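Peer 1: For reference, the structure I am asking about is given below.
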Amino acid sequence: MGLLSSSPLKGKVAIVTGGTMGIGLGIADKLASLGAKVVVAAIDNAKTKHHFIQCDVSDMNQVKAMVAETMKKFKRIDILVNNAGIFPSKLFTEMTEEDWKKVMQVNLNGTFNCSKIVSEFMIQQKSGKIINLASIAAFVGFQGLVHYCTAKAGVTGFTRALALELGPHNINVNAIAPGLIITPGVNDFMNQEQQAGFAQSVPLKRNGLPKDIAELAAFLATDASSFITGQTIVCDGGKLLE
170 MGLLSSSPLK GKVAIVTGGT MGIGLGIADK LASLGAKVVV AAIDNAKTKH
220 HFIQCDVSDM NQVKAMVAET MKKFKRIDIL VNNAGIFPSK LFTEMTEEDW
270 KKVMQVNLNG TFNCSKIVSE FMIQQKSGKI INLASIAAFV GFQGLVHYCT
320 AKAGVTGFTR ALALELGPHN INVNAIAPGL IITPGVNDFM NQEQQAGFAQ
370 SVPLKRNGLP KDIAELAAFL ATDASSFITG QTIVCDGGKL LE
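Here the working numbering is used: the first residue of the sequence shown is 170, the next is one more, and so on.
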């Protein structure tokens, strides 16, 4: 069912990684509002109203257990949103190998791990939607985020290649590349004045909110996007146009 239906995701089961706060929480809430049964997989349980499974996406064994529990409870998985990610800032000259590995393990390996296990069930179902969270950092450089920019660029390449392989199984694979989205994580390193200043550099003259990404994710999760695959859709208020 497309977005015009009152409950376009009724009967669907979605997994949202990192879905206890920020963008992930916004997506989880939106999918649920459209009728989906939502599983939130994250390291910390922030008392989510959705079905919660503790999972570190960088650990393949934990991912396997999380997917197995989801299948046991709901019998199917229709939507996977690979949202879990970290973005610690550190200059390259000060970055350690462990700093590099940690970001890669969560942001890139985590996307691989979840897609690998979930896609096995989607192939059996002959249907599915995989939505990866990339970033405009995949296309431009940001000081102090060499590891993050590299990982998110990897997510865009992963999305294109995986879409080719899973397309014959009726599985859509797409990515969303957000610009600056005001979340608790952003509030930790940007004060209100800095956020307001950044908004003035955005053509639409505002910063993004989790609901902006959630609406796009909802579109990609429904049948309204059934002929779209392998794409990374930028949602940044026009920032990359500069």
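Glycine included, C-beta positions come from ideal geometry on N, C-alpha and C.
All values derive from a computational prediction rather than experimental measurement.
Express the C-alpha separation of residue 404 and residue 373 in angstroms, rounding to a whole number.
Peer 2: 11 Å
Peer 1: Flag this pair as yes or no: are the beta carbons of residue 190 and residue 353 separated by less than 7 Å?
Peer 2: yes
Peer 1: Does the beta-carbon distance from residue 193 to residue 383 come in below 7 Å?
Peer 2: If you check the CB distance, residue 193 and residue 383 do not come in under 7 Å.
Peer 1: Assuming residue 207 contacts residue 215 (C-beta within less than 8 Å), just tell me the rounded distance between them.
Peer 2: Incorrect: roughly 14 Å between the Cβ atoms, too far for contact.
Peer 1: Beta strand (DSSP E) containing residue 217: first to last residue?
Peer 2: Run containing residue 217: none; DSSP gives neither H nor E here.
Peer 1: I'd like the span of the beta strand (DSSP E) that includes residue 183, first residue to last.
Peer 2: For residue 183, the uninterrupted beta strand (DSSP E) segment begins and ends at 182-186.
Peer 1: Taking residue 179 as part of the beta strand (DSSP E), name the residues at either end of that continuous run.
Peer 2: Premise fails: residue 179 is in no beta strand (DSSP E) and is neither H nor E.
Peer 1: Rounding to the nearest angstrom, what Cα-Cα distance links residue 144 and residue 175 in this structure?
Peer 2: The chain is shown from 170 up to 411; residue 144 falls before or after that span and cannot be answered.
Peer 1: What does a CB cutoff of less than 7 Å around residue 322 pick up in its chain, not counting 5 residues either side in sequence?
Peer 2: If we look at residue 322 and ignore the five residues flanking it on each side, its Cβ neighbours are 307.
Peer 1: Buried or exposed: which applies to residue 213, given that a residue is buried once 16 or more other Cβ atoms fall within 10 Å of its Cβ?
Peer 2: exposed
Peer 1: For a test of the three-state rule: what should DSSP assign to residue 249, helix, strand or coil?
Peer 2: strand
Peer 1: Look at residue 184 and residue 233 and say whether their C-beta atoms are less than 7 Å apart.
Peer 2: no
Peer 1: Using a Cβ-Cβ cutoff of less than 8 Å, which residues in the same chain neighbour residue 386 once the five nearest sequence positions on both sides are dropped?
Peer 2: 196, 199, 200, 250, 300 and 345
Peer 1: Look at residue 398 and residue 341 and say whether their C-beta atoms are less than 7 Å apart.
Peer 2: yes
Peer 1: Kindly list the residues whose CB is nearer than 6 Å to the CB of residue 389, restricted to its own chain and excluding five residues on each side of it in sequence; keep chain order.
Peer 2: Only 300 and 343 meet the Cβ criterion.
Peer 1: Quick check: the Cα distance between residue 302 and residue 324, rounded to an integer number of angstroms?
Peer 2: 8 Å
Peer 1: Can you tell which of 370, 268 and 391 has its C-alpha closest to the C-alpha of residue 411?
Peer 2: 370
Peer 1: For residue 236, which beta-bridge partners are listed by DSSP?
Peer 2: BP columns for residue 236 are empty, so no partner.
Peer 1: On the three-pair Cβ rule with 8 Å, is the region 278-285 touching the region 225-243?
Peer 2: yes
Peer 1: Grouping DSSP H, G and I as helix and E and B as strand, with all else coil, what is residue 257?
Peer 2: coil
Peer 1: Since residue 424 sits in a beta bridge, which residues does DSSP pair it with?
Peer 2: In the structure displayed, the chain extends from 170 to 411; residue 424 sits before or after that span and is not available.
Peer 1: Taking the alpha carbon of residue 252 as the reference point, which residue from 187, 177, 292 and 288 has its own alpha carbon closest?
Peer 2: 187
Peer 1: Give the list of continuous alpha helix (DSSP H) stretches no shorter than 4 residues that lie fully inside the region 304-345.
Peer 2: For the region 304-345, whole alpha helix (DSSP H) runs of length 4 or above, ordered along the chain, are 315-335.
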